[in-house]
Amino acid sequence: MGRPRYHEDGSLRSAGEDLNATGLTEYMWDVLYWTQGCIVAVCLFNDRAWWLWIVIPLYSVYAAYTTIMGVKKGFAGMGGGDAGQEADAPKSKTQMKKDKRGSSVKYR
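Residues 137 to 244 in my numbering are what the sequence shown lists, from first letter to last.
Written as structure tokens, this is what we have:
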């Protein structure tokens, strides 16, 4: 799984898998460790410890929600529907000086 594979002519066929990769691989390792912890808890306590396993789908829903809201927030300014609000925005001192001076540049 982690080793690269090559064709007969020496060209790379598959670079292999990185088991320390982030994203889905990292999530799957977390699921594996949490499942092992649940098994130990069931052995030490009783069958009700399997309810600890509900944390995995709850975390999945939380991660999906925060990801979707983050993407949605990123697309919020791309609509262009708020073009009229730019004129109402407060101006900085530099912008007010430029407006006062006019469009022409004055040299000393």
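Note that the Cβ used here is the ideal one computed from N, Cα and C, for glycine as well.
Notebook entry, point to check: Does the segment 188-203 come close enough to the segment 153-171 that 3 or more CB-CB pairs lie under 8 Å?
Noted result: yes
Margin query: Pull the bridge partners of R141 from the DSSP assignment, please.
Written below: S150
Item checked: For W165 and V178, the rounded distance between their alpha carbons -> 20 Å
Check: Going straight from the alpha carbon of K208 to that of L180, what length do you get?
Finding: 44 Å
Note to self: I'd like the span of the alpha helix (DSSP H) that includes I192, first residue to last.
What the structure shows: Here the alpha helix (DSSP H) through I192 covers V191 to G210.
Notebook entry, point to check: Do A151 and P140 come within 7 Å of each other at the CB atom, strictly closer than that value?
Noted result: yes
Check: Going straight from the alpha carbon of R149 to that of T230, what length do you get?
Finding: Going by the C-alpha atoms only, they are around 59 Å apart.
Next item on the list: Please report how far the alpha carbon of D154 lies from the alpha carbon of T161, in whole angstroms.
Entry: 9 Å
Next item on the list: Report the three-state DSSP secondary structure of T230 (helix, strand or coil).
Entry: helix
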